[in-house]
Amino acid sequence: MAEEHGPTDGGGKDAVVVLNFHGRSDTERCVESLVAGSPDVLVVVVDNGSYDGCLEVVSRRWPQVWTLQNRENLGFAGGMNTGLRWAMDRGAATVTVLNNDTIVPSGALRQLSGVARRGHAVSPVVEYADGSGRVWFGGGAIDAETGLARHLSDTELAADPVGDDGLRVTTTLAGCCVTASSATWRSVGLFDERYFLNFEDSDWSLRASAEGISLVVDTGVVIEHQVSASFTGAYSYLGLFYYARNGLMFISHRLQGTTTQRYRFIRRHVVPAVTRHLRRREWREAARRGLIAAAAVGSWGTRRYGRAPGWLERRATGWSAPRT
């Protein structure tokens, strides 16, 4: 059970859950943007077992923000579920899950919550936080050949119609920022914690569609995202494990995909993580990535889901440690 700290009850409010895992500075910037731009929204920060001092700083700077402490790393799925349960138990009308490495402009959550109150599940347009204006997410699709859940390209977005209300219908949402009513979260269910990290948002999207929930992107709301800020250190290696294993799980369990789709997914989207190091004659790095990919396939084949095996976490930590 998470330990909690905060000021008041959240009944009837719109809530946003921000997940922290060794990302204190990013989380502070995110919360600052939320408190300044969405003062009526109940902000909940969950620390996912990192104990990096983030919650203490947040409580001191913004006493109106709730904080929850998970005792261990539950992954994106489990960590966000902690906040979702907490917010819904306290009567929140809508709940947004939000990456901690995002900046949210004034009024954005109010607009997204308004869309969610009309029965949709909604993501905003997400741009890279480098000032380029490049779109990271504006809509999602499922690749028929590989079963991969992917973001629409700029060309696809340009050709995809947007309604008069500014909403674009989409197949998948981006877990970076998803807003839905508490009724929708209860109807669809929370994130599947077997995924731990990666593909849980695509899985949730398809489950929501199966429940008759309309998935949309509000093109009138744009947030900034420091992409892959969480995939540093050991997670620069473990990210491949979760991507490969969870991609296979998503294709098999959610799509009831074929052997051919799984083969194409591995060949096109996992094997290159190894072969690019082979081409550079980086033998040690290629061997490491090969071991991770093999462990991912093995975990999927034996139905070992959730957090990566301890031995792999230890190796990834050792490989990413600074050389002395």
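Going by our numbering, the first residue of the sequence shown is number 20, and it counts up by one from there. For each residue, glycine too, the CB sits at the ideal point set by N, CA and C.
Query                                                                                              : Result
Nearest residue (CA-CA) to L171, options G185, V145, D183, G182                                    : V145
Under the three-state DSSP convention, the category L192 falls into                                : coil
CA-to-CA distance, S339 to E301, given in whole angstroms                                          : 16 Å
Given 8 Å, three or more beta-carbon pairs between the stretch 46-57 and the stretch 157-172       : no
Local conformation of R286 per DSSP, three classes                                                 : helix
V306 versus Y70 - alpha carbon distance                                                            : First, the residue type needs correcting, since residue 306 is Ala and not Val in the sequence shown. A306 and Y70: Cα-Cα distance of roughly 33 Å.
V188 and L234 closer than 8 Å at C-beta                                                            : yes
Length-filtered (4 minimum) alpha helix (DSSP H) runs lying within the stretch 54-137              : 73-80, 94-108, 127-136
Length at least 4, wholly inside the stretch 256-343: the alpha helix (DSSP H) runs in chain order : 278-288, 291-298, 302-320, 329-339
Contacting residues, own chain, Cβ-Cβ under 7 Å from I122 (five flanking each side not counted)    : R48, C49, S52, A148, I242, E243
Whole-angstrom distance between A106 and N15, CA atom to CA atom                                   : Within the shown structure, residues of the chain are numbered from 20 to 343, placing residue 15 beyond reach of any answer.
T115 vs C195 beta-carbon contact at 8 Å                                                            : no
Extent of the continuous alpha helix (DSSP H) run through L176                                     : 173-178
Cβ separation of A140 and L61, assumed to be a contact under 8 Å, to the nearest whole Å           : No, A140 and L61 are not in contact; Cβ-Cβ is about 19 Å, not under 8 Å.
C-alpha distance - W85 paired with G309, whole-angstrom precision                                  : 42 Å
Where L225 falls: helix, strand or coil (DSSP)                                                     : helix
The beta strand (DSSP E) enclosing T238, as first and last residue numbers                         : 233-244
Identified DSSP bridge partners for G185                                                           : In the DSSP output, where bridge partners are listed per residue, G185 has none listed.
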